[in-house]
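Step one of this worksheet: look at the structure below.
In this note's numbering, the protein residues as written are 166 to 259.
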């Protein structure tokens with residue numbers, strides 16, 4: 166399992182496996198991500214989109230799970246970008 170997978174797993178327990186990630190969880194994961202995890206997120210997004218294209222139309226549950234994963238990763242990328250801008254502002258203020 167790669168670091169990105171471990172970061173998500175750390176924020177989960179057995180009961181919450183099918184619950185969407187909260188903004189707090191996304192923020193916690195984003196703070197621990199570096200450019201390697203950002204690259205892994207982009208790769209995972211492409212993989213999920215290809216899985217979505219291959220998924221049969223009748224399998225709505227799988228469609229929903231894939232879309233939830235895509236949305237979580239997009240929220241994570243947004244949070245990482247915001248943290249990067251915040252860090253850049255802090256550095257430029259010094």
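Glycine residues also receive a C-beta, built at the ideal position from the N, C-alpha and C atoms.
By the Cβ rule, the segment 210–223 counts as touching the segment 232–246, because three or more pairs are nearer than 8 Å. Here residue 231 is near residue 220, since their CB atoms are less than 8 Å apart. Ranked by how close their Cα comes to the Cα of residue 246, the residues 229, 195 and 222 have 195 in first place. The continuous stretches of alpha helix (DSSP H) do not include residue 187, and DSSP gives it neither H nor E. By the criterion of a C-beta distance shorter than 7 Å, residue 244 is surrounded in its chain by 191, 192 and 195, once the five residues flanking it on both sides are discounted. The criterion of a C-beta distance shorter than 8 Å is not satisfied by residue 239 and residue 202.
Residue 210 has its alpha-carbon roughly 19 Å from the corresponding atom of residue 225. Assignment of residue 232 by DSSP, reduced to helix, strand and coil, places it in the helix class.
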